[in-house]
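Heads up, the sequence shown is in the working numbering, so the first residue is 406 and it goes up one at a time.
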Amino acid sequence: MGMSVTISAAAEQDAEQIFRLQYLCFQSEAALYGNYRIDPLVQTLDSVRAEVVSDCVFVARLGEEVVGSVRGRVTEDGSAAIGKLCVHPRLQGHGIGARLLRAAEAALSEERGATSFRLHTGHRSEGNLRLYRKVGYQTVGTSEGADGVPMIVLEKPAGTYAATA
Numbered sequence: 406m407g408m409s410v411t412i413s414a415a416a417e418q419d420a421e422q423i424f425r426l427q428y429l430c431f432q433s434e435a436a437l438y439g440n441y442r443i444d445p446l447v448q449t450l451d452s453v454r455a456e457v458v459s460d461c462v463f464v465a466r467l468g469e470e471v472v473g474s475v476r477g478r479v480t481e482d483g484s485a486a487i488g489k490l491c492v493h494p495r496l497q498g499h500g501i502g503a504r505l506l507r508a509a510e511a512a513l514s515e516e517r518g519a520t521s522f523r524l525h526t527g528h529r530s531e532g533n534l535r536l537y538r539k540v541g542y543q544t545v546g547t548s549e550g551a552d553g554v555p556m557i558v559l560e561k562p563a564g565t566y567a568a569t570a
């Protein structure tokens, strides 16, 4: 009998599993850009712990194992910055990323008053772009990450959820 993946708010004790999962998941992004100094790979465990405490962080669990996570926080302009969405490579392509996004978006708008959502992904990250567009995000610009990777900036207004993910 199989187990179901559940989505819930992260707890402080999840920080280490989130940290390890993030390091595993972002290896493919680093390879795509030939840059192993991207932010998710150089972030410290203490920094992840601080985000779990202060930001809106959700995890996907398979039993006791954290197999996905996403973080968001409301910025000064009332929009929510969403980032570091990751799903364990063995479970990608099953809608977990979309479920994590939906959970974060709902909490950020309903509990923290976000009026829109903004996220960034690398310009070569076709799988990420496909997911974000499928759940209603639209490209609004480009930027350069602190690590030098060209990024695509996507946004959507709060309260707009794609019918399918």
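All residues carry an ideal CB built from backbone N, CA and C; glycine is no exception.
Note that the structure is predicted; figures quoted are calculated from it, not measured.
Assuming residue i is part of the beta strand (DSSP E), what are its boundary residues?
{"i": "residue 538", "result": "Not the beta strand (DSSP E): residue 538 falls in the alpha helix (DSSP H), residues 531 to 539."}
{"i": "residue 415", "result": "That residue, residue 415, is in no beta strand (DSSP E); it is neither H nor E in DSSP."}
{"i": "residue 497", "result": "Unbroken run through residue 497: none, as it is neither H nor E."}
{"i": "residue 558", "result": "555 to 562"}
Taking Cβ to Cβ, would you say residue i is nearer than 8 Å to residue j?
{"i": "residue 471", "j": "residue 426", "result": "yes"}
{"i": "residue 506", "j": "residue 485", "result": "no"}
{"i": "residue 446", "j": "residue 436", "result": "no"}
{"i": "residue 417", "j": "residue 458", "result": "yes"}
Nearest CA to the CA of residue i: which residue from the options?
{"i": "residue 549", "options": "477, 540, 438, 513", "result": "438"}
{"i": "residue 423", "options": "436, 441, 410, 462", "result": "462"}
{"i": "residue 473", "options": "497, 418, 457, 456", "result": "497"}
{"i": "residue 466", "options": "515, 414, 452, 444", "result": "414"}
Helix, strand or coil: which one does DSSP assign to residue i?
{"i": "residue 424", "result": "helix"}
{"i": "residue 432", "result": "helix"}
{"i": "residue 504", "result": "helix"}
{"i": "residue 510", "result": "helix"}
{"i": "residue 486", "result": "strand"}
Could you check where the alpha helix (DSSP H) with residue i kicks off and where it finishes?
{"i": "residue 442", "result": "Note, residue 442: premise wrong, no alpha helix (DSSP H); not H, not E."}
{"i": "residue 455", "result": "450 to 459"}
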